[in-house]
DNA sequence: GTCTATAGTTGGATAGAC
DNA sequence: GTCTATCCAACTATAGAC
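Residue numbers (this note's numbering), protein chains in the order written: chain A, 191 to 429; chain B, 191 to 429.
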């Protein structure tokens, strides 16, 4: 396959739907359309795999418009990710605040701590007003090449991790702190895998019920049960 | 930052260590050196982010040598991934075979099924003879752009999933099959996250013990406890 | 089997008109 | 603010000498 064939074979060069006629040249929401297109293409092809030209074409603009609004391709990526992560981080903090207020000085209920961590990301995923490709953007955040991503990742994670580690420690006072930290990483693994949409990507083998149609609420529920049980599981006394 | 600065700022153009003097021109292991370099650079920068030139330079060869041995950049990626996944798939099957033989017709012990699934990937990760960057290659397999990766991913997963789903069903006879399938995805999420090396990538906040020095055996042990408890957790009767 | 040299594209970024 | 036109560096892949 030649390079030209490979590129044209790749789909998704379709422009972002701008509800109705192919009207162009809206003054301010060009920025928004660029973010939508970038989100979809970065998620589909990766940062280096999605050219700025492809992104701007899908957004119905030009390369220079993107440079005008964002300054560089990297900056566009950062803006794309921040648009999604900011509301999640804030919603998590808000839910945790409410939870701690309600509990007063008492131990926090584990399942509710987990829900405060997990529900916001599902909520963001399901928002219909913005492109619905939040999906793999979260997974990319975890595995895309380092340039700025590594720093972004740590910042995003760091802003939430400390609070949730403390909350988990309050929910499970007898659990060793290192085990809490390790189990939180397991939880993050589950979250990323599900958020990234891998449930839809891996068809179950013949004879097994499909997972791709499962409502978010069912998946979220089961995640909480699964992870709560894991967190409560005592360390094995060395056999 | 200019493009030139960004590129030169990026490290890891160092050649693969060929134990001792910078001896070149070994007849056959050029292929091996190319795979080592490709593994490291694809893992660090992603498939599109790591140019063939960078890979061949790190391997101490030329672009055309890579084409001679593999035919294309994509084929090199596939070979890189297969070299790691093949032994894991085979080891998993072997451990499961042994387990089923030992159990006869009886129920399989859950923890041992999980160990058959998880230990081989840790073993591969720890092999010193090949470059030690198995790490993020597994994560890439799950989130890198589609060209051939999507197909590869399904093939690799499919060859193991059916057998493990059956084994889990034999270990937990009362568990609904859809719940087993869903929980297996959670397990995969944990596995990918840990294998990808994210434990080392996310420094724990101040006041929390670091995870980066943890021996593989400790992590594997805790993973099995965590996931086993999750799998055993009963579905919540809808509140 | 490995090299040098080169072909032919495509990439991000910018200048300057409007 | 958005466009067209252009710069030039970097890419994959191949041809052909050795």
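Glycine residues also receive a C-beta, built at the ideal position from the N, C-alpha and C atoms.
Quick caveat: nothing in here was measured; it's all calculated off a predicted structure.
### Task
Measure from the alpha carbon of residue 279 of chain B to the alpha carbon of each residue in B/346, B/398 and B/394, then state which is nearest.
For the purposes of this step, residue 279 of chain B is taken as residue 89 along the second chain, with counting starting at 1. Here the closest residue by C-alpha is B/346.
### Query
By Cβ distance, which residues of its chain are closer than 7 Å to residue 304 of chain B, with the 5 residues on each side in sequence left out?
Working through the second chain from its first residue, we reach residue 304 of chain B at position 114. Answer for residue 304 of chain B: 414, 417 and 418, listed in chain order.
### Query
Three-state secondary structure (DSSP) at residue 365 of chain B?
Along the second chain, one-based indexing puts residue 365 of chain B at 175. Of the three classes helix, strand and coil, the one that applies to residue 365 of chain B here is coil, per DSSP.
### Message
Considering only their Cβ atoms, is the gap separating residue 330 of chain B from residue 256 of chain B smaller than 8 Å?
### Response
Along the second chain, read from residue 1 onward, the residue named residue 256 of chain B stands at position 66. Along the second chain, read from residue 1 onward, the residue named residue 330 of chain B stands at position 140. Between residue 256 of chain B and residue 330 of chain B, the CB-CB gap reaches or exceeds 8 Å.
### Task
Would you check if the distance between the CB atom of residue 410 of chain B and the CB atom of residue 289 of chain B is smaller than 8 Å?
The count along the second chain starts at 1 and reaches residue 410 of chain B at position 220. The count along the second chain starts at 1 and reaches residue 289 of chain B at position 99. No, these two residues do not count as a Cβ contact at 8 Å.
### Query
In the structure shown, what three-state DSSP assignment does residue 311 of chain B receive?
Counting from 1 along the second chain, the entry for residue 311 of chain B is found at position 121. In the displayed model, residue 311 of chain B falls within a helix according to three-state DSSP.
### Message
If the cut-off is 8 Å on Cβ atoms, which residues from the segment 374-385 of chain A count as contacting chain B, listed in chain order?
### Response
375, 376, 378, 379, 380, 381, 382, 383 and 384
### Message
Helix, strand or coil, according to DSSP, for residue 271 of chain B in the structure here?
### Response
Sequence index remark: in the second chain, residue 271 of chain B carries index 81 (1-based). Residue state, collapsed to three classes: helix.
### Query
Would a C-beta distance cut-off of 8 Å place residue 223 of chain B and residue 265 of chain B closer than the cut-off?
As a working mapping, residue 223 of chain B is identified with position 33 in the second chain. As a working mapping, residue 265 of chain B is identified with position 75 in the second chain. In this structure, residue 265 of chain B does not lie closer than 8 Å to residue 223 of chain B by Cβ.
### Query
Hey, does residue 305 of chain A have any beta-carbon neighbour from chain B nearer than 8 Å?
The residue you call residue 305 of chain A lines up with position 115 of the first chain. By this cut-off, residue 305 of chain A is not an interface position.
### Contacts around residue 375 of chain B, its chain only, beta-carbon distance under 7 Å, and the 5 residues preceding and following it disregarded
For the purposes of this step, residue 375 of chain B is taken as residue 185 along the second chain, with counting starting at 1. If we look at residue 375 of chain B and ignore the five residues flanking it on each side, it has no Cβ neighbours.
### Query
Smallest Cα separation from residue 313 of chain A: which of A/299, A/344 and A/276?
Residue mapping note: residue 313 of chain A aligns to position 123 of the first chain, counting from 1. Here the closest residue by C-alpha is A/276.
### Task
Give a yes or no on contact between the segment 386-399 of chain B and the segment 372-386 of chain A, applying the rule of three or more CB pairs nearer than 8 Å.
yes
### Query
chain A partners of residue 368 of chain B, CB-CB under 7 Å?
As a working mapping, residue 368 of chain B is identified with position 178 in the second chain. Near residue 368 of chain B (Cβ distances below 7 Å), the residues of chain A are 399.
### Query
Just reading off the alpha helix (DSSP H) that residue 420 of chain A is part of, what are its end residues?
Sequence index remark: in the first chain, residue 420 of chain A carries index 230 (1-based). 406-422 is the span of the alpha helix (DSSP H), which, as asked, contains residue 420 of chain A.
### Query
So, is residue 424 of chain B buried or exposed, given that buried needs 16 or more other C-beta atoms within 10 angstroms?
Here residue 424 of chain B is taken as the residue at index 234 of the second chain, counted from 1. Counting of Cβ neighbours within 10 angstroms places residue 424 of chain B among the exposed residues, the total staying below 16.
### Query
In chain order, what residues of the same chain have a beta carbon less than 7 Å from the beta carbon of residue 321 of chain A, not counting five sequence neighbours either side?
For the purposes of this step, residue 321 of chain A is taken as the residue at position 131 of the first chain. With a pLDDT of 49 at residue 321 of chain A, under the threshold of 50, the modelled position of this residue cannot be trusted, and the question is left open.
#### Entry: Straight-line gap, residue 420 of chain B to residue 352 of chain B (C-alpha atoms, nearest Å)
As a position in the second chain, residue 420 of chain B is number 230, starting the count at 1. As a position in the second chain, residue 352 of chain B is number 162, starting the count at 1. Spanning the two alpha carbons is a distance of roughly 20 Å.
### Query
Is it right to say residue 396 of chain B is buried, meaning 16 or more other beta carbons lie within 10 angstroms of its own, or is it exposed?
Taking the first residue of the second chain as position 1, residue 396 of chain B is located at position 206. Exposed.
#### Entry: Opening and closing residue of the alpha helix (DSSP H) in which residue 244 of chain A lies
Along the first chain, one-based indexing puts residue 244 of chain A at 54. In the DSSP assignment, residue 244 of chain A falls within the alpha helix (DSSP H) that extends over 242-248.
### Query
Is there a Cβ from chain B that is less than 8 Å from the Cβ of residue 254 of chain A?
Position 64 of the first chain, counting from 1, holds the residue named residue 254 of chain A. With 8 Å as the cut-off, residue 254 of chain A does not count as an interface residue toward chain B.
#### Entry: Assumed close pair residue 328 of chain A, residue 269 of chain A - CB separation to whole angstroms, cut-off 8 Å
Counted from its first residue, the first chain places residue 328 of chain A at position 138. Counted from its first residue, the first chain places residue 269 of chain A at position 79. Not a contact, Cβ separation roughly 16 Å.
### Query
Comparing the CB of residue 397 of chain B with every heavy atom of the ligand PLP, is any distance shorter than 7 Å?
Here there are no bound small molecules, and the ligand PLP is not part of this structure.
### Within chain B, partners of residue 415 of chain A - CB distance below 9 Å
In the first chain, counting from the first residue as 1, residue 415 of chain A sits at position 225. Chain B residues near residue 415 of chain A: 420, 423, 424, 425 and 426.
### Query
Checking contacts by CB at 8 Å: is residue 334 of chain B closer than that to chain A?
In the second chain, counting from the first residue as 1, residue 334 of chain B sits at position 144. With a threshold of 8 Å between beta carbons, residue 334 of chain B makes contact with chain A.
### Separation of residue 306 of chain A from residue 363 of chain A, as counted between CA atoms
One-based indexing of the first chain puts residue 363 of chain A at position 173. One-based indexing of the first chain puts residue 306 of chain A at position 116. When rounded, the distance between both Cα atoms is 19 Å.
### Message
So, under 8 Å CB-CB, residue 300 of chain B and residue 361 of chain B are touching, yes? Tell me the CB distance rounded to an integer number of Å.
### Response
One-based indexing of the second chain puts residue 300 of chain B at position 110. One-based indexing of the second chain puts residue 361 of chain B at position 171. Right, their Cβ atoms sit about 4 Å apart.
### Query
Which residues in the same chain as residue 349 of chain A place their Cβ atom closer than 8 Å to its Cβ, once the five residues preceding and following it in sequence are excluded?
Counted from its first residue, the first chain places residue 349 of chain A at position 159. Sequence-distant partners of residue 349 of chain A (beyond 5 residues in either direction) whose C-beta falls short of 8 Å from its own C-beta, in its chain, are 279.
### Message
So residue 348 of chain B contacts chain A; which residues on that side make the cut at Cβ distance below 7 Å?
### Response
Stepping through the second chain from its first residue, residue 348 of chain B is reached at position 158. The contacting residues are 395.
### Task
Return the Cβ separation of residue 388 of chain B and residue 260 of chain A in integer angstroms, given the expectation that the two are a contact with Cβ distance under 8 Å.
The count along the second chain starts at 1 and reaches residue 388 of chain B at position 198. The count along the first chain starts at 1 and reaches residue 260 of chain A at position 70. Contact doesn't hold; Cβ gap of about 28 Å is too wide.
### Query
Which word fits residue 407 of chain B, buried or exposed, when buried means at least 16 other C-beta atoms lie within 10 angstroms of its C-beta?
As a position in the second chain, residue 407 of chain B is number 217, starting the count at 1. Of the other Cβ atoms in all chains shown, fewer than 16 fall within 10 Å of the Cβ of residue 407 of chain B; this residue is therefore exposed.
### Query
Comparing alpha-carbon positions, which option in B/422, B/263 and B/366 lies nearest residue 401 of chain A?
Your numbering for residue 401 of chain A matches position 211 in the first chain. Closest by C-alpha distance to residue 401 of chain A, out of B/422, B/263 and B/366, is B/366.
### 8 Å Cβ shell around residue 369 of chain B - same chain, five flanking residues per side excluded
The count along the second chain starts at 1 and reaches residue 369 of chain B at position 179. Answer for residue 369 of chain B: 425, listed in chain order.
### Query
Whose C-alpha, out of B/241, B/235, B/404 and B/358, is nearest the C-alpha of residue 262 of chain B?
Stepping through the second chain from its first residue, residue 262 of chain B is reached at position 72. The candidate whose alpha carbon is nearest that of residue 262 of chain B is B/241.
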